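Going by this note's numbering, the first residue of the sequence shown is number 69, and it counts up by one from there.
Please read the structure below before turning to the comments.
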Amino acid sequence: MPQKQDIFFGILCVFLCNLFLPALAQENLVTLSGFVKNSKGEPLPYAILTIAGTTNGTVSNADGSYSFKLAPDTYTFRVKYLGYQTHTEVIELFKDKKITFKLIEEDLYLPDVIITQDGRDPAYGIIKNAVDRKAFYKKLNPAYQFKAYTKTKIQLSPDSKMDVKKLKEIVKDLGNGVLYLSETISEVYVKKPDIKEKIIASRVSGNKESFSLFGNLFLQFSLYEEKVEIGSGERAFISPLANNTFFYYDFKLLGSTRDNNRTIYKIQIIPKRKHDPVFQGTIYIVDQSFAVQGFDLLLTDNQPIEYVDSIRVYQTYVPYSEEVWMPFQVGFEFKGSFLKLHYSGSSSSVLSEYQFTTPIPQRDSLSLPKVDSKPTTNPKKQVKAKTTTPDKQPNKTKPKKEEDPFKNKNEILTVVEGANKKDSIFWVQTRPVPLDSLEASDFAYKDSIANLVNDPHYADSLNRKNNKLTYNKLMFGYTYKNIRNKNTFQLKPLLENISFNTMEGFLVNLSGTKTWWFGEIKRTKLGGDLRYGFSNRKISYQLLLDHYLYPKQKLWVGASGGYYVSAFGEQEQISTTVNELYSLYARQNYLKMFQRTYAQVYAKGEVTNGLKLKAAVTWEDRHSLDNTSDYSFKRSDRPYLSNIYIPNHQALIVDLSADIVFANQYISVPEGKMNLGSAWPELTLRYRQGLPFSTTASTFQWAEAILKDDFNLKLFGTLNWMIRYGSYFGNRDKIYFPDYQHFKGNQTIFRKETLRQFSLFDYYSNSTAQSWLEAHIEHQFGGFILNKVPLIRRLKWHEFMGAHFLDTPTTRHLEVSAGIGNILKVVRFDYHYRILGNSAYQNAVTVTINIPFNRE
Numbered sequence: 069m070p071q072k073q074d075i076f077f078g079i080l081c082v083f084l085c086n087l088f089l090p091a092l093a094q095e096n097l098v099t100l101s102g103f104v105k106n107s108k109g110e111p112l113p114y115a116i117l118t119i120a121g122t123t124n125g126t127v128s129n130a131d132g133s134y135s136f137k138l139a140p141d142t143y144t145f146r147v148k149y150l151g152y153q154t155h156t157e158v159i160e161l162f163k164d165k166k167i168t169f170k171l172i173e174e175d176l177y178l179p180d181v182i183i184t185q186d187g188r189d190p191a192y193g194i195i196k197n198a199v200d201r202k203a204f205y206k207k208l209n210p211a212y213q214f215k216a217y218t219k220t221k222i223q224l225s226p227d228s229k230m231d232v233k234k235l236k237e238i239v240k241d242l243g244n245g246v247l248y249l250s251e252t253i254s255e256v257y258v259k260k261p262d263i264k265e266k267i268i269a270s271r272v273s274g275n276k277e278s279f280s281l282f283g284n285l286f287l288q289f290s291l292y293e294e295k296v297e298i299g300s301g302e303r304a305f306i307s308p309l310a311n312n313t314f315f316y317y318d319f320k321l322l323g324s325t326r327d328n329n330r331t332i333y334k335i336q337i338i339p340k341r342k343h344d345p346v347f348q349g350t351i352y353i354v355d356q357s358f359a360v361q362g363f364d365l366l367l368t369d370n371q372p373i374e375y376v377d378s379i380r381v382y383q384t385y386v387p388y389s390e391e392v393w394m395p396f397q398v399g400f401e402f403k404g405s406f407l408k409l410h411y412s413g414s415s416s417s418v419l420s421e422y423q424f425t426t427p428i429p430q431r432d433s434l435s436l437p438k439v440d441s442k443p444t445t446n447p448k449k450q451v452k453a454k455t456t457t458p459d460k461q462p463n464k465t466k467p468k469k470e471e472d473p474f475k476n477k478n479e480i481l482t483v484v485e486g487a488n489k490k491d492s493i494f495w496v497q498t499r500p501v502p503l504d505s506l507e508a509s510d511f512a513y514k515d516s517i518a519n520l521v522n523d524p525h526y527a528d529s530l531n532r533k534n535n536k537l538t539y540n541k542l543m544f545g546y547t548y549k550n551i552r553n554k555n556t557f558q559l560k561p562l563l564e565n566i567s568f569n570t571m572e573g574f575l576v577n578l579s580g581t582k583t584w585w586f587g588e589i590k591r592t593k594l595g596g597d598l599r600y601g602f603s604n605r606k607i608s609y610q611l612l613l614d615h616y617l618y619p620k621q622k623l624w625v626g627a628s629g630g631y632y633v634s635a636f637g638e639q640e641q642i643s644t645t646v647n648e649l650y651s652l653y654a655r656q657n658y659l660k661m662f663q664r665t666y667a668q669v670y671a672k673g674e675v676t677n678g679l680k681l682k683a684a685v686t687w688e689d690r691h692s693l694d695n696t697s698d699y700s701f702k703r704s705d706r707p708y709l710s711n712i713y714i715p716n717h718q719a720l721i722v723d724l725s726a727d728i729v730f731a732n733q734y735i736s737v738p739e740g741k742m743n744l745g746s747a748w749p750e751l752t753l754r755y756r757q758g759l760p761f762s763t764t765a766s767t768f769q770w771a772e773a774i775l776k777d778d779f780n781l782k783l784f785g786t787l788n789w790m791i792r793y794g795s796y797f798g799n800r801d802k803i804y805f806p807d808y809q810h811f812k813g814n815q816t817i818f819r820k821e822t823l824r825q826f827s828l829f830d831y832y833s834n835s836t837a838q839s840w841l842e843a844h845i846e847h848q849f850g851g852f853i854l855n856k857v858p859l860i861r862r863l864k865w866h867e868f869m870g871a872h873f874l875d876t877p878t879t880r881h882l883e884v885s886a887g888i889g890n891i892l893k894v895v896r897f898d899y900h901y902r903i904l905g906n907s908a909y910q911n912a913v914t915v916t917i918n919i920p921f922n923r924e
C-alpha cells in the first residue's frame, strides 16, 4: 500500500506537470516569419500560407509580413496569392527562421480554343459546368466545424480633404486615423442550412471592457447561392453562378495555370448592364471538378449600394480532397465618402482547423452530375493533366463527441464569458495574421489611453474638462459622463424643447435623464420633464424611473407619475414641430391634448426566447384643455380650431400585452442577449380594461391582435405588411374619448415614414369605441424599376407602392399610394389616392424627411 507521502508526491507531480508543461510546450515552439513579395520586391498583402496536408495556415498582413508558430519539424509550405503562381517549399524548422517568399505572376496559358457554334468564348462552357455542379457543392459536407480569426477595421483615408486635426477634435481618441479596430477568435459550426458561431476571444482597440460581434458569421456569402447578400442596400446581388447568369453576365477566359497538378481557369466576369445588381471581377474555376477555387469581385456606385462608393468581396479556397474545396480566407473591403471625409474599412477571416462530421468524399465515391462533354480547349494543345493523389486528409475521423452546438438553433452567435479578458501575450501567440504597423500602433496608443483613464487623478481631470456646461451644449444637448463609473446625466437640446401650441402658448420644456450603470448592461434610469406654458401659466412635471432587473431575461420594472399634458391616442398623430409650423404660419392647430394627473407601475420582460410580456397599471385624473393663445405670425381672420372637449373623469386601467416572435434568432453575450427576429410574422396580443372604481371612471374592455412582417424579396426589394383587428366588449356605458381607438391620420404635407399611417383623412375623424379592422401593405422596390431608366438611375432613388385599409362600423376607407424615396438620401415624396371612404380628400402629395442621425 502506498504511503501518504507517496500519494502526496504523486499529486504534486501531476499538479506541476499540468502547470508547467503547457508553458514548456509553448516555449519549444519555433517561429517562421518574414514577408511575401512579388518579383519586384513589392509586398503582397493577404497572401495565404498553408502547410501541405493540414488545415493550418496564416495570411500575410497589409504590410506583406507573416508569422507562424509551430513545433520543430520539417514542413512543406504552400504560398498562394490570387494572380500569382503557387509557391511550394520544404523548410526544416528547428529554430526561429525568417524567410521572404517571392511569388511570380501567373504564367497564364491561353491555348488554341475550339470556338463554339454560337461563337462564344470558351469561358461560357466552363461557367455552365460550374453552374450545373452548383447544387452538388451546396449539398457537399452538410456538417463540419472550423476555427476563424476575424479582423475588422474602419479608418480615415489619407486622401480626405477635411483637416484631420479638426476631425480629431470632433472624434476623441482618434489617434492615427483608425476609427474602429477589433479582432476575434471563434469556433464556427455548420449543419446546413444552419450555422452558429461561438466567439472565444475578442478585443476592441481602446476599450478593454468591450467585445466585438464582427465575427465570421457576417462574412458568410457564397457564389453557390442564387443571390449574394452583403448587407449594404435594400437588394441582393446576382451571383455569377446563378442559374440565369448569362442574362446578366458576359465571361472571358483569361487563361489557365497549374496549381498542385490541377488546371485552374481564370475567368473575367463582365456585367452586361453596369447598373444591374451585379459584380465585376475574376473567378477561378478548377478543371474537371468545376469547383470554385477563389474569386475577387467588385461592386461600384453603379450598383444599388448605399453609404459607400465601392465594395470588394473576395474568397480563396484550398483543397481537402479531389472534390472538396473549402474557404480559407474570406472578406470584404469598402470605401466611401461623406462631404470632405473619405473613409475605408475591411473585415476578413482566416479559417482553419476544419473538422468534418462525415469523412471527406473522394471522386470514386461520388455521384457527380453530368457536365458538358464538349472540350473547352483544343485537346492537341492542352497539357495532359497528371493523375493526382488527393491531399492528405488530416481530419477524416469524427471530432470528439461534445455538446451539440445546434441544440438551440435560434442562438446563432454567442460570446463566451471572459472572451474580452485575454491579455496581449495570448493574442501574440494565437493570432494567425500579424498586425500591420498601423494596427499595432492603434492598439498600443488607444490601450495606453484606456489605462491612463483608469488613473483616478487623470479621470477626474478629464471629467472636469469634458463635462463643462457651455451655451452651445445647453442649446444643442448636454451630456455629463463620469469616466470612472460610466454614470451619465443628459439634458435634451433646449432648441428642441421650445415650442408653441394654442393650449399653452409658447412653452419651454426642460428634459433630463440620470443613468447609473452596474456593469455593461444593467442600469437604473431616472428621467424627468419640467414644462411651463407662458399663455396658460401652468407648470407641468413628470418623473420616470426604470430599472434593468435581470439583463439576461431583459426584465424591466418601472414607475412614472406627475401632472402633465398628453395627446389623445397612443400613436403620435402630428409632431409638435409640424403643428407649431402650421399654427404660427397658417393658423391651423391640429394638435389636441388633455391634462392628466397620473401614476403608473409596470413590469416587462422576455420570459422565454421570442415571448415578451408586459403588465401595467395606470391611474389617471383627466381634465379638458382650452385654447389660451390666439397668437400667430400670420395675421388672419381664420379662427383657431377648438380643442377636443372631455368631461372631468378618472380611469384605472390594467394593460396586458404579449409580443411573440416565432423562432426568434438571437446573439448571446455575457450579460444578456440581442434579438434579431425571424423569418416568421410577429404576433402581438393585447388586452386592456378600465376598472369601475368610481362613479366617473372610464369603464371598458378592449382586446386586439396584430400580425406583421417584412419580406426581403432579394432583387425585388422589401415587402412590409400589417393586419390589426380589435374590438370593445362588455359594459361600454362610460368610455371617454382618451380611451377610444385612434387611427393615425394626416392633414399636412408632411408625413412620417410609418407603415400604419393614413394620409387621406383627418386626425381623430375615424376614432371608434366599437370594432375595427386595419391593414397596411407597402413595397419598397429599392431601385428595381428606376435603375433601368437612363440618367435617373445614377440618383439611386427608391420606388414605393402601398395600400392602406380601415373598416369600422361607421366607415370603410381604402387609399393607395406611390412614391419615390432616397432623394438626397433623406427625402421621400408620395402621391396618395382614395378609392373608398367619405373623406374630404381625394388625393394628396406628402413629403417625408428622415434625419439619419440623432443629435443626442
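Idealized CB from N, CA, C, for every residue including glycine.
Keep in mind the model is a prediction, meaning the values are calculated, not measured.
| task | Can you give me the Cβ contacts of T142 inside the same chain, cut-off strictly under 6 Å, excluding the 5 residues immediately before and after it? | result | E160
| query | Measuring CB to CB, does N488 end up less than 9 Å from S270? | reply | yes
| Cutoff 6 Å; reference D875; Cβ partners in own chain excluding five residues on either side | L841
| task | Sort P372, E391 and T914 by Cα distance to V346 and report the nearest one. | result | P372
| said: I need the straight-line Cα distance from D935 to I551, nearest angstrom please. | reply: Only positions 69 to 924 of the chain appear in the structure, and residue 935 is not among them; the question remains open.
| request: State the DSSP-derived secondary structure class of W840, mapped to helix, strand or coil. | output: strand
| field | Distance between L828 and Y909 (C-alpha atoms, nearest Å) | value | The C-alpha of L828 is placed about 6 Å away from the C-alpha of Y909.
| As assigned by DSSP and simplified to three states, the class of K221 | strand
| How many Å lie between L366 and K105 at the Cα? | 24 Å
| Is the number of C-beta pairs between the region 348-358 and the region 328-335 that are closer than 8 Å three or more? | Touching, yes.
| query | Which residue from I607, E157, A627 and S608 puts its Cα closest to that of H615? | reply | A627
| Three-state class that DSSP yields for V894 in the structure shown | coil
| Fully enclosed by the region 83-165, which beta strand (DSSP E) runs are 3 residues long or longer? | 98-106, 116-119, 125-127, 133-138, 141-148 and 155-161
| field | Coarse secondary structure for A453, derived from DSSP in three states | value | Residue placement at A453 is poorly supported in this model, since its pLDDT is 34, which falls under 50; the coordinates still yield a value, given next. Correct three-state label for A453: coil.
| Three-state class that DSSP yields for I195 in the structure shown | In the three-state DSSP reduction, I195 falls in the helix class (H, G or I).
| query | By how many angstroms is the C-alpha of V501 removed from the C-alpha of M925? | reply | This structure leaves residue 925 out entirely; the chain is present only between 69 and 924.
| request: Mind checking who H25 pairs with in its DSSP beta bridge? | output: Examination of residue 25 is not possible in this model, given that the chain is present from 69 through 924 alone.
| query | What separation, rounded to the nearest whole angstrom, lies between the Cα atoms of D318 and P339? | reply | 6 Å
| Using the C-alpha atoms, what's the distance from F282 back to W865? | When the Cα atoms are used, W865 and F282 turn out to be separated by approximately 30 Å.
| Whole-angstrom distance between F849 and K108, CA atom to CA atom | 49 Å
| field | DSSP bridge partner residues for D523 (one or two, in chain order) | value | Partner(s): none; D523 has no beta bridge.
| DSSP-derived helix/strand/coil call for F319 | strand
| request: Consult DSSP for T878 and reduce its assignment to one of helix, strand or coil. | output: coil
| said: For W495 and Q223, I'd like the C-alpha separation in whole angstroms. | reply: 22 Å
| task | Have a look at F730, S746, R754 and V685 and flag the residue whose alpha-carbon is nearest the alpha-carbon of V722. | result | Considering only alpha carbons, the answer is V685.
| task | Rounded to whole angstroms, what's the CA-CA distance from A731 to L309? Just pull it up for me. | result | If you draw a straight line from the Cα of A731 to the Cα of L309, it comes to about 31 Å.
| request: Tell me, please, which residues DSSP counts as bridged to T763. | output: Answer is none; T763 lacks a bridge partner.
| said: Between the alpha carbons of T457 and Y177, how many angstroms are there, rounded? | reply: Because the pLDDT of T457 is 37, which lies under 50, any placement of that residue in the model is unreliable, and the number read from its coordinates should be weighed accordingly. T457 and Y177 have their C-alpha atoms some 24 Å from each other.
| request: Compute the beta-carbon to beta-carbon distance between S135 and F103, rounded to the nearest angstrom, for a pair I have assumed lies under 8 Å. | output: Not really, about 11 Å apart at Cβ, beyond 8 Å.
| request: Tell me, to the nearest whole angstrom, how far the beta carbon of V915 is from that of F897; I am working on the premise that it is less than 8 Å. | output: 6 Å
| query | Who are V496's beta bridge partners in DSSP? | reply | Paired residue(s): none; V496 is not in a bridge.
| query | Does the separation of the CB atoms of V729 and G678 fall below 9 Å? | reply | yes
| said: Measuring straight from C-alpha to C-alpha, what distance separates K682 and Q718? | reply: 23 Å
| Straight-line gap, W624 to S725 (C-alpha atoms, nearest Å) | 15 Å
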